[in-house]
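Colleague:
Residue numbers (my numbering): 474 to 620.
This is the structure:
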């Protein structure tokens, strides 16, 4: 039996970047839930067929609360997504994953990107001084592979 081997210069989970025009480079502590599903149709014979269209994508990011410029830019953008919703509230973002050497990169476009919620960190006197992070709930129309 032949076993598969992992190729060298893999992409670690901590080398990811979310770029959004008009925003500073965001320092991502985490990005989660970046999953895309196809609409499905159940046929009368109980088999499943592709509906052809992708469902909207929702995911979360975390950025450090003490990164003033990034937090301010996200707050301004978040305000444009609330009533009265401004025309430029949806943006086109890109998420990029980098290999250890930065020679290999996988980039995906996120059209229709917007903020749909935020979460402030929990505070506790029992905490030993962990970094406080803002959670941002994001949504986009689809995920498109670029490279």
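A virtual CB, placed ideally from N, CA and C, is assigned to each residue, including glycine.
1. Looking at residue 530: is its Cβ nearer than 9 Å to the Cβ of residue 612?
2. Tell me whether residue 587 sits in a helix, a strand or coil according to DSSP, three-state version.
3. Run through DSSP, which three-state label would residue 547 get?
4. Taking 9 Å as the threshold (C-beta atoms), are residue 494 and residue 565 in contact?
5. How many angstroms separate the CA atom of residue 526 from the CA atom of residue 514?
6. Which complete alpha helix (DSSP H) runs does the segment 567 to 613 hold, if anything under 4 residues is left out?
7. From residue 522 to residue 508, what does the alpha carbon distance come to, in whole angstroms?
8. Beta strand (DSSP E) containing residue 532: first to last residue?
9. Three-state secondary structure (DSSP) at residue 620?
10. Would you check if the distance between the CB atom of residue 504 and the CB atom of residue 489 is smaller than 9 Å?
11. Grab me the residues of residue 553's own chain with a C-beta within less than 7 Å of its C-beta, minus the 5 sequence neighbours each way, in chain order.
12. Tell me which same chain residues have a C-beta within less than 7 Å of the C-beta of residue 506, skipping the five on either side of it?
13. Applying the 10 Å Cβ sphere with the 16-neighbour rule, what's the burial state of residue 619?
14. Is it buried or exposed for residue 543, if we count other Cβ within 10 angstroms and need 16 for buried?
15. Find the nearest neighbour of residue 591 within the set 476, 615 and 545, judged by alpha-carbon distance.
Modeller: In brief:
1. yes
2. strand
3. Under the three-state reduction of DSSP output, residue 547 falls in the helix class.
4. yes
5. Each residue's CA atom was taken as its position, placing residue 526 and residue 514 some 11 Å apart.
6. none
7. 20 Å
8. 530 to 537
9. coil
10. Yes, Cβ-Cβ distance for residue 504 and residue 489 is below 9 Å.
11. Same-chain partners within the cutoff: 559, 561 and 562.
12. So the list reads 531, 532 and 533, once near-sequence residues are dropped.
13. Residue 619 should be labelled exposed.
14. buried
15. The shortest Cα separation from residue 591 among 476, 615 and 545 belongs to 545.
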